[in-house]
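For the sequence shown, full-length UniProt numbering gives the first residue as 1, with consecutive numbering after it.
Ideal Cβ positions, reconstructed from N, Cα and C, are used throughout, including at glycine.
A short write-up of the structure that comes next.
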Amino acid sequence: MQFNRSDIDVMSPRFRAQFINSLSGYKSANLVATRSRDGKENVAIVSSVFHLGANPPLMGVIFRPHSAPRHSLENLLDTGEFTLNQVNMEIYRCAHQTSARFEREQSEFVEVGLTAEYEEGVFAPFVQQSRVKMGLKVVDHQIMCNKTELVVGEIFMVLAPAQSVVDDGYIDIAGLGAVAVSGLDSYHVGRPLERLAYAKPNQPVRPLVCETAQSE
(Lines of atoms letter the chains of each structure in order from A; the text may use other names.)
(Lines give C-alpha, C1' and ligand atoms only; values in the text may rest on other atoms or scores of the structure.)
Protein backbone atom coordinates (compact mmCIF):
# COMPACT_ATOMS: atom_id res chain seq x y z
CA MET A 1 0.00 0.00 0.00
CA GLN A 2 1.44 3.35 -1.03
CA PHE A 3 0.57 6.81 0.26
CA ASN A 4 1.71 9.86 -1.66
CA ARG A 5 1.74 13.38 -0.26
CA SER A 6 -1.56 14.07 -2.05
CA ASP A 7 -3.10 11.06 -0.27
CA ILE A 8 -1.88 12.37 3.08
CA ASP A 9 -3.22 15.87 2.39
CA VAL A 10 -6.79 14.63 1.81
CA MET A 11 -6.92 12.46 4.93
CA SER A 12 -9.31 13.63 7.63
CA PRO A 13 -7.39 15.57 10.33
CA ARG A 14 -7.90 12.91 12.98
CA PHE A 15 -6.94 10.03 10.69
CA ARG A 16 -3.86 11.90 9.46
CA ALA A 17 -2.74 12.69 13.01
CA GLN A 18 -3.03 9.04 14.05
CA PHE A 19 -1.40 7.80 10.84
CA ILE A 20 1.62 10.11 10.95
CA ASN A 21 2.10 9.66 14.70
CA SER A 22 2.22 5.89 14.20
CA LEU A 23 5.02 6.05 11.63
CA SER A 24 7.80 6.75 14.14
CA GLY A 25 7.04 3.54 16.03
CA TYR A 26 7.42 3.14 19.77
CA LYS A 27 8.03 6.33 21.76
CA SER A 28 8.79 6.76 25.43
CA ALA A 29 5.90 7.75 27.68
CA ASN A 30 6.72 10.40 30.26
CA LEU A 31 4.84 12.75 32.53
CA VAL A 32 6.13 16.32 32.53
CA ALA A 33 5.38 17.92 35.90
CA THR A 34 5.57 21.63 36.68
CA ARG A 35 4.44 24.16 39.25
CA SER A 36 3.47 27.77 38.66
CA ARG A 37 4.95 30.57 40.72
CA ASP A 38 1.71 30.78 42.70
CA GLY A 39 1.86 27.07 43.54
CA LYS A 40 -0.51 25.47 41.02
CA GLU A 41 0.70 21.99 40.13
CA ASN A 42 0.41 20.57 36.63
CA VAL A 43 1.24 17.20 35.09
CA ALA A 44 0.80 16.08 31.47
CA ILE A 45 1.77 13.07 29.40
CA VAL A 46 4.28 13.57 26.57
CA SER A 47 5.60 11.11 24.00
CA SER A 48 8.19 13.42 22.49
CA VAL A 49 11.07 13.20 24.97
CA PHE A 50 14.47 12.44 23.46
CA HIS A 51 18.10 12.20 24.53
CA LEU A 52 20.29 15.09 23.31
CA GLY A 53 23.59 14.40 25.03
CA ALA A 54 25.28 12.92 28.08
CA ASN A 55 27.87 15.58 28.86
CA PRO A 56 26.21 17.87 29.73
CA PRO A 57 23.18 15.63 30.37
CA LEU A 58 20.43 17.02 28.14
CA MET A 59 16.89 16.00 27.23
CA GLY A 60 14.65 17.55 24.60
CA VAL A 61 10.87 17.74 24.71
CA ILE A 62 8.57 18.83 21.88
CA PHE A 63 5.36 20.64 22.84
CA ARG A 64 2.43 21.24 20.52
CA PRO A 65 1.91 24.78 19.15
CA HIS A 66 1.02 27.36 21.78
CA SER A 67 -2.19 28.32 19.96
CA ALA A 68 -4.16 27.01 22.95
CA PRO A 69 -3.21 27.20 26.65
CA ARG A 70 -0.28 24.87 27.40
CA HIS A 71 -0.03 24.99 31.18
CA SER A 72 3.06 22.79 31.42
CA LEU A 73 4.93 24.80 28.80
CA GLU A 74 3.91 28.11 30.36
CA ASN A 75 4.99 27.00 33.83
CA LEU A 76 8.40 25.64 32.86
CA LEU A 77 9.26 28.65 30.72
CA ASP A 78 8.27 30.96 33.58
CA THR A 79 10.04 29.08 36.38
CA GLY A 80 12.86 27.50 34.37
CA GLU A 81 12.31 24.08 35.92
CA PHE A 82 10.38 20.86 35.27
CA THR A 83 10.51 17.13 35.95
CA LEU A 84 10.17 14.12 33.67
CA ASN A 85 8.63 11.00 35.17
CA GLN A 86 8.62 7.68 33.34
CA VAL A 87 5.20 6.05 32.92
CA ASN A 88 4.89 2.45 34.07
CA MET A 89 2.26 -0.29 33.82
CA GLU A 90 0.57 0.71 37.06
CA ILE A 91 -0.13 4.32 36.07
CA TYR A 92 -0.50 4.41 32.27
CA ARG A 93 -4.27 4.93 32.43
CA CYS A 94 -3.89 7.80 34.89
CA ALA A 95 -1.12 9.20 32.71
CA HIS A 96 -3.30 9.05 29.61
CA GLN A 97 -6.07 10.94 31.40
CA THR A 98 -3.74 13.89 32.03
CA SER A 99 -4.14 14.75 28.34
CA ALA A 100 -7.72 15.89 29.01
CA ARG A 101 -8.20 19.66 28.85
CA PHE A 102 -8.45 20.55 32.50
CA GLU A 103 -8.73 24.18 33.61
CA ARG A 104 -5.65 25.91 34.98
CA GLU A 105 -7.19 25.91 38.47
CA GLN A 106 -7.50 22.12 38.39
CA SER A 107 -4.55 19.95 39.35
CA GLU A 108 -4.18 16.92 37.10
CA PHE A 109 -2.53 15.17 40.03
CA VAL A 110 -5.82 15.38 41.94
CA GLU A 111 -8.09 14.82 38.95
CA VAL A 112 -6.44 11.60 37.71
CA GLY A 113 -5.25 10.07 40.98
CA LEU A 114 -1.51 10.71 40.86
CA THR A 115 0.56 12.03 43.77
CA ALA A 116 2.92 15.00 43.70
CA GLU A 117 6.09 14.68 45.76
CA TYR A 118 8.93 17.10 46.34
CA GLU A 119 12.66 16.82 46.82
CA GLU A 120 14.66 19.37 48.77
CA GLY A 121 15.82 22.21 46.56
CA VAL A 122 13.57 21.26 43.63
CA PHE A 123 10.72 23.64 42.82
CA ALA A 124 8.80 21.38 40.42
CA PRO A 125 6.99 18.28 41.71
CA PHE A 126 7.85 14.70 40.85
CA VAL A 127 5.24 11.96 40.30
CA GLN A 128 5.43 9.67 43.31
CA GLN A 129 4.21 6.59 41.44
CA SER A 130 6.87 6.89 38.73
CA ARG A 131 10.05 4.81 39.08
CA VAL A 132 12.55 6.80 37.00
CA LYS A 133 12.38 10.55 37.52
CA MET A 134 14.47 13.49 36.36
CA GLY A 135 14.72 17.06 37.55
CA LEU A 136 15.66 19.49 34.76
CA LYS A 137 16.55 23.15 34.27
CA VAL A 138 15.50 24.83 31.03
CA VAL A 139 18.60 25.72 28.99
CA ASP A 140 17.10 26.33 25.54
CA HIS A 141 13.74 27.02 23.92
CA GLN A 142 13.06 27.17 20.19
CA ILE A 143 9.97 27.51 18.01
CA MET A 144 10.15 24.99 15.17
CA CYS A 145 9.05 25.32 11.54
CA ASN A 146 5.57 23.92 12.27
CA LYS A 147 5.10 26.12 15.39
CA THR A 148 5.75 23.26 17.78
CA GLU A 149 8.10 24.29 20.58
CA LEU A 150 11.33 22.56 21.54
CA VAL A 151 12.44 22.79 25.15
CA VAL A 152 15.90 21.55 26.11
CA GLY A 153 16.43 20.67 29.76
CA GLU A 154 19.68 19.94 31.59
CA ILE A 155 19.33 17.12 34.09
CA PHE A 156 20.36 18.03 37.63
CA MET A 157 18.77 15.13 39.51
CA VAL A 158 17.84 11.51 38.73
CA LEU A 159 15.78 9.27 40.99
CA ALA A 160 15.79 5.54 40.17
CA PRO A 161 15.73 2.28 42.16
CA ALA A 162 19.29 1.09 42.84
CA GLN A 163 18.45 -2.43 41.67
CA SER A 164 17.52 -1.11 38.21
CA VAL A 165 20.96 0.40 37.46
CA VAL A 166 23.35 -2.08 35.86
CA ASP A 167 27.09 -1.94 36.56
CA ASP A 168 27.83 -0.22 33.21
CA GLY A 169 25.21 2.49 33.77
CA TYR A 170 22.37 0.92 31.78
CA ILE A 171 18.93 1.33 33.40
CA ASP A 172 16.73 -1.75 33.13
CA ILE A 173 13.51 0.04 32.23
CA ALA A 174 11.80 -3.19 31.15
CA GLY A 175 12.32 -4.57 34.63
CA LEU A 176 10.63 -1.45 35.99
CA GLY A 177 7.54 -1.98 33.83
CA ALA A 178 8.16 1.08 31.66
CA VAL A 179 5.49 1.78 29.06
CA ALA A 180 5.90 2.97 25.46
CA VAL A 181 3.39 4.73 23.21
CA SER A 182 2.64 4.24 19.53
CA GLY A 183 0.31 6.48 17.60
CA LEU A 184 -1.75 8.72 19.86
CA ASP A 185 -3.31 6.20 22.21
CA SER A 186 -1.72 2.73 22.06
CA TYR A 187 0.35 1.66 25.06
CA HIS A 188 2.94 -1.12 25.06
CA VAL A 189 5.30 -2.93 27.43
CA GLY A 190 8.76 -3.68 26.09
CA ARG A 191 10.33 -7.15 26.03
CA PRO A 192 14.15 -7.16 25.94
CA LEU A 193 15.69 -9.06 23.03
CA GLU A 194 19.41 -8.69 23.65
CA ARG A 195 22.11 -6.20 24.54
CA LEU A 196 24.90 -6.06 21.98
CA ALA A 197 28.53 -5.09 22.44
CA TYR A 198 29.96 -1.86 21.00
CA ALA A 199 30.09 -2.21 17.21
CA LYS A 200 33.53 -2.18 15.54
CA PRO A 201 34.48 -2.58 11.86
CA ASN A 202 35.38 -6.09 10.73
CA GLN A 203 34.22 -7.68 13.96
CA PRO A 204 31.12 -9.86 14.31
CA VAL A 205 28.16 -8.68 16.31
CA ARG A 206 28.31 -10.24 19.76
CA PRO A 207 26.18 -10.24 22.89
CA LEU A 208 27.09 -7.92 25.73
CA VAL A 209 27.48 -9.69 29.05
CA CYS A 210 27.43 -7.70 32.26
CA GLU A 211 25.95 -7.76 35.72
CA THR A 212 22.18 -7.31 35.73
CA ALA A 213 21.96 -4.63 38.40
CA GLN A 214 23.47 -3.10 41.47
CA SER A 215 22.54 -4.32 44.90
CA GLU A 216 20.31 -2.21 47.09
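Taking the alpha carbon of Glu111 as the point to measure from, which residue in Asn42, Ala178, Phe82, Asn146 has its own alpha carbon closest? Asn42
Residues near Glu194 by beta carbon distance below 7 Å, same chain, minus five either side: Pro207
Using the Cα positions of Val32 and Ile8, report the straight-line distance between them to the nearest angstrom. Approximately 31 Å between the Cα atoms of the pair.
So who's on the other strand from Leu150, going by DSSP bridges? Ile62, Gln142
Who pairs with Leu84 in a beta bridge, going by DSSP? Secondary-structure assignment with DSSP links Leu84 through a beta bridge to Val32, Met134.
Which value, in whole angstroms, describes the spacing of the CA atoms of Gln18 and Gly183? Looking at the two C-alpha atoms, the distance is approximately 6 Å.
From what residue to what residue does the beta strand (DSSP E) around Val46 run? 41–46
Taking the Cβ atom as the reference point for each residue, do Val151 and Leu23 lie within a distance shorter than 9 Å? Contact flag unset, no.
With distances taken from CA atoms, which of Gly121, Leu159, Glu154, Asn146 is nearest Val127? Leu159
May I ask you to report which of helix, strand or coil DSSP gives Leu91? The question names Leu, but residue 91 is Ile in the sequence shown. Of the three classes helix, strand and coil, the one that applies to Ile91 here is coil, per DSSP.
Under a three-way DSSP split, which group does Arg164 fall into? Position check: residue 164 holds Ser in this sequence, whereas Arg was assumed. Helix, per DSSP.
CB of residue 226 within 9 Å of CB of Ile143, strictly: Missing from the structure shown is residue 226; the chain here goes from 1 to 216 and no further.
Taking DSSP's pairing of strands, which residues face Tyr187 in a bridge? Val181
From Asp38 to Ile171, what distance separates their C-alpha atoms? Note on geometry: alpha-carbon atoms of Asp38 and Ile171 lie some 35 Å from one another.
To which residues of the same chain is Asn85 closer than 7 Å at the C-beta, ignoring the five residues directly before and after it? Asn30, Leu31, Ala33, Phe126, Val127, Ser130, Lys133
Could you say which of Thr98, Ala162, Leu176, Asp140 lies nearest to Glu90 if we only look at CA atoms? Leu176
Rounded straight-line distance, which links the Cα of Val49 to that of Phe15: Distance between the alpha carbons of Phe15 and Val49 is about 23 Å.
Going by beta carbon distance, what residues of the same chain come within less than 8 Å of Thr79, once the five residues before and after it are set aside? Thr34, Arg35, Ser36, Arg37, Phe123, Ala124
Reference His71, options Arg104, Gln203, Pro65, Lys27, closest by Cα: Arg104
Got a sec? Which residues, its chain only, sit under 6 Å from Lys27 by beta carbon, not counting five neighbours each side? Ser47, Val181
Which residues DSSP lists as bridging Gly53, in chain order: According to DSSP, which records beta bridges pairwise, Gly53 is partnered with Leu58.
Please name the residue, chosen from Asp185, Pro161, Val189, Val209, that lies closest to Gln97 on a Cα-to-Cα basis. Asp185
DSSP three-state call for Glu103: helix, strand or coil? coil
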